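Here's the structure we're looking at; comments come further down.
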Amino acid sequence: MDSGRSRKLQSTNNAGPGVVEQHLKYPQRLSFYERPPLGEVTLEDFETWAIDRLRVLAEIEASFIRNRSTLELKSIIKLQTDKYLPLSANTAFTRDLDGERKKDHVSHFILRLAFCRSEELKRRFVKAEVTLFKFRYEDETREGQQAFSSTQQQQQNAASNASSETVSPEEKQRLREQLAVASNMPLRIVDEENYIKVPWTKVPSLVQQRRVFLSKGLAYVPASHQSTVVYQDFQTRLEKALDETEKSLPRLDEDDRLIPILEHLSRGFLAGVTSEYNSGDEVADGDRVTAEMVEEMSRKHWPMCMRNLQEQLKRDKHLKHYARLQYGLFLKGVGMSVEEAMIFWRKSFSSVSDDKFNKEYRYNIRHSYGLEGKRNNYPAKSCQTIIMNNQPGPQDSHGCPFRHFSPENLTLALSAHYKVSSPADVKEILEAVKAQKYHVACTRVFEITHSVPAREGVGEGESVTHPNKYAARSRELEQIRAGGGVVAPAPVPKKEEEIDEMDVDI
Numbered sequence: 063m064d065s066g067r068s069r070k071l072q073s074t075n076n077a078g079p080g081v082v083e084q085h086l087k088y089p090q091r092l093s094f095y096e097r098p099p100l101g102e103v104t105l106e107d108f109e110t111w112a113i114d115r116l117r118v119l120a121e122i123e124a125s126f127i128r129n130r131s132t133l134e135l136k137s138i139i140k141l142q143t144d145k146y147l148p149l150s151a152n153t154a155f156t157r158d159l160d161g162e163r164k165k166d167h168v169s170h171f172i173l174r175l176a177f178c179r180s181e182e183l184k185r186r187f188v189k190a191e192v193t194l195f196k197f198r199y200e201d202e203t204r205e206g207q208q209a210f211s212s213t214q215q216q217q218q219n220a221a222s223n224a225s226s227e228t229v230s231p232e233e234k235q236r237l238r239e240q241l242a243v244a245s246n247m248p249l250r251i252v253d254e255e256n257y258i259k260v261p262w263t264k265v266p267s268l269v270q271q272r273r274v275f276l277s278k279g280l281a282y283v284p285a286s287h288q289s290t291v292v293y294q295d296f297q298t299r300l301e302k303a304l305d306e307t308e309k310s311l312p313r314l315d316e317d318d319r320l321i322p323i324l325e326h327l328s329r330g331f332l333a334g335v336t337s338e339y340n341s342g343d344e345v346a347d348g349d350r351v352t353a354e355m356v357e358e359m360s361r362k363h364w365p366m367c368m369r370n371l372q373e374q375l376k377r378d379k380h381l382k383h384y385a386r387l388q389y390g391l392f393l394k395g396v397g398m399s400v401e402e403a404m405i406f407w408r409k410s411f412s413s414v415s416d417d418k419f420n421k422e423y424r425y426n427i428r429h430s431y432g433l434e435g436k437r438n439n440y441p442a443k444s445c446q447t448i449i450m451n452n453q454p455g456p457q458d459s460h461g462c463p464f465r466h467f468s469p470e471n472l473t474l475a476l477s478a479h480y481k482v483s484s485p486a487d488v489k490e491i492l493e494a495v496k497a498q499k500y501h502v503a504c505t506r507v508f509e510i511t512h513s514v515p516a517r518e519g520v521g522e523g524e525s526v527t528h529p530n531k532y533a534a535r536s537r538e539l540e541q542i543r544a545g546g547g548v549v550a551p552a553p554v555p556k557k558e559e560e561i562d563e564m565d566v567d568i
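When we follow the numbering used here, the leftmost residue of the sequence shown carries the number 63, and every step to the right adds one.
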């Protein structure tokens, strides 16, 4: 094993920058994802890799909604890709290059399956993927860009499908004045530039901006703008591939292992990607929450979905089944023990007799902590689950206020519970809600109420994707500002499991 690894590193070390490594199955970081992946992938990797890529795309889409600048967007993409979808250069001797690139390759095709189901999903997927590709292309070395372009040109020539042609020095000299006017360049720069000519449909953005010379249906593109050709080519191929994937999708209907995963992924954009939290079993003692602490903490740290449930509970001294389930698992996630949960719910249900409480509610509380029934240790519900599952009726209080409140009620709640009354802030939040970016609206409320710079989110530009993430970051900021020292890291993410409805009362 060691000797083989040494030989591989030695081979890589001898290669210069930008050289295509022949021993790599994936020799280049950049890809048009033309060939579907071959080989076996475990169901665990299938889902995990897709969710990691979805995290990156979800933050890209959130950045569009929040009007982040180009520099901010690049910073967000770098943070997210380094964390979830790294692609190291060929000179990164100690990294598993093929492993990283396989994950990137496979995860792209998985999300194709998930997002080819409707025109809206296709449009959003293409926009996010093109943005990710642009970032990676600009981050690549000039040698890497040239190697990638050369590979694509060779493949097109082999398929007799070349879509570009280099402009000869004689032709450039003959058209130099037209090229200078069209590109708004001095003649001396035109003389130094290399040009290619492509069908004008390959560069509609350059045509719209009047940056290229057009003749007989061809656009003459200077080297400084040839990246636009690459981006447009990537987008065109991806749009065509999604249409072809949609036609093949019915063949998967018989596989009951993949369809639920694909449906889960395609819903991820509605709430950002899910980011589940463990139960409070692993919360440090100093972060434990008691029944007596809930009222004050709800005003300082709870997101609107949980603050609304706390207010309803105080007013009615009761919550219906799905509201209890949503709030109970959240409290468990922030660090409330089962013993404190018993105390909290008993005091909150003050109009209920002890006998009725023990008969109708005690079992369900213990069940949510994994002490009854199947004894599953259920995690708190993510934003995606709250938004998509168990839609609330007119008399229900569970769900997501940004998704299920009317604009008037949402505006009142923002003012009453969070003191958000600035017309500009309210407008920004309501616009995110109108665009169905509920997690973006919640994130903006967090920033306003915690005096966090706009677009900072709950840390490193990330959006709120879980109520417990909101609460944990709120408590963390309070400790930091109070000089409370280093805060314990957030609980390790865990996949959600739905509570068996047969084990709970309605």
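Glycine included, C-beta positions come from ideal geometry on N, C-alpha and C. Here the structure is a predicted model, which means the values were calculated and not measured.
Residue i in three-state terms, based on DSSP
i                 : result
lysine 382        : coil
lysine 165        : helix
proline 284       : strand
phenylalanine 392 : helix
threonine 213     : helix
glutamate 202     : coil
glutamate 373     : helix
valine 269        : helix
glutamate 227     : strand
lysine 499        : coil
serine 341        : Note that serine 341 has pLDDT 41, beneath the 50 cutoff, so the model's placement of it is unreliable and the number below is only indicative. Correct three-state label for serine 341: coil.
asparagine 439    : coil
glutamate 109     : helix
serine 459        : coil
arginine 299      : helix
leucine 311       : helix
serine 614        : The first residue shown for the chain is 63 and the last is 568, placing residue 614 beyond what the model contains.
leucine 387       : helix
asparagine 471    : helix
serine 415        : coil
leucine 476       : helix
proline 453       : The question names proline, yet the displayed sequence has glutamine at residue 453. Three-state result, glutamine 453: coil.
glutamate 191     : helix
arginine 185      : helix
arginine 506      : helix
serine 245        : helix
leucine 304       : helix
glutamine 84      : Reliability of the predicted coordinates at glutamine 84 is poor, the pLDDT of 48 falling under 50, and no value is obtained from them.
glutamate 239     : helix
Endpoints, beta strand (DSSP E) assigned at residue i
i                 : result
lysine 570        : No information on residue 570 is available, as it lies outside the stretch 63 to 568 that the chain covers here.
phenylalanine 275 : 275-277
Range of the contiguous alpha helix (DSSP H) that encloses residue i
i              : result
histidine 429  : 424-430
aspartate 487  : 485-496
valine 514     : That residue, valine 514, is in no alpha helix (DSSP H); it is neither H nor E in DSSP.
lysine 481     : Lysine 481 -> no alpha helix (DSSP H), and no H or E assigned at all.
lysine 234     : 231-236
histidine 363  : 356-363
tyrosine 532   : 529-543
valine 252     : 249-254
glutamate 447  : The sequence given here places threonine at residue 447; glutamate does not occur at that position. Counting along the chain, the alpha helix (DSSP H) containing threonine 447 begins and ends at 445-450.
arginine 91    : Per DSSP, arginine 91 belongs to no alpha helix (DSSP H) and is neither H nor E.
methionine 404 : 400-410
arginine 465   : 463-466
leucine 324    : 320-328
Presumed contact (8 angstroms Cβ cut-off) between residue i and residue j, rounded CB distance
i             : j              : result
arginine 329  : methionine 450 : 5 angstroms
arginine 117  : tyrosine 146   : 5 angstroms
leucine 175   : arginine 115   : Contact doesn't hold; Cβ gap of about 12 angstroms is too wide.
glutamate 227 : lysine 259     : 5 angstroms
glutamate 518 : glutamate 509  : 6 angstroms
valine 292    : valine 265     : That pair is no contact at about 10 angstroms.
alanine 209   : glutamine 288  : Not confirmed; about 15 angstroms, so no contact.
proline 365   : valine 526     : 7 angstroms
valine 396    : asparagine 530 : 6 angstroms
- [ ] Count the C-beta pairs between the region 108-127 and the region 152-161 that are closer than 8 angstroms, then say yes if the count reaches three, no if not.
- [x] no
Is the region 176-196 close to the region 112-125, with three or more CB pairs under 8 angstroms? yes
**Message:** List, from N- to C-terminal side, the alpha helix (DSSP H) runs of 4 residues or more that fit wholly inside the region 111-182.
**Reply:** 132-146, 159-177
Three or more C-beta pairs closer than 8 angstroms, one from the region 513-526 and one from the region 491-498: is that the case here?
no
message: Assess contact between the region 173-185 and the region 301-308, defined as three or more Cβ pairs (one per stretch) separated by less than 8 angstroms. Is contact present?
response: yes
Segment contact, 8 angstroms Cβ cut-off, at least three pairs: the region 501-509 with the region 387-394 = no
message: Check whether the region 359-369 and the region 472-489 are in contact - that is, three or more C-beta pairs closer than 8 angstroms.
response: yes
**Asked** Counting pairs of beta carbons, one from the region 397-411 and one from the region 440-448, are three or more of them closer than 8 angstroms?
**Response** no
Between the region 346-364 and the region 131-146, do at least 3 Cβ pairs fall closer than 8 angstroms? no
Query raised in the report: Does the region 276-287 come within contact of the region 240-251, defined as at least 3 CB pairs closer than 8 angstroms?
Result: yes
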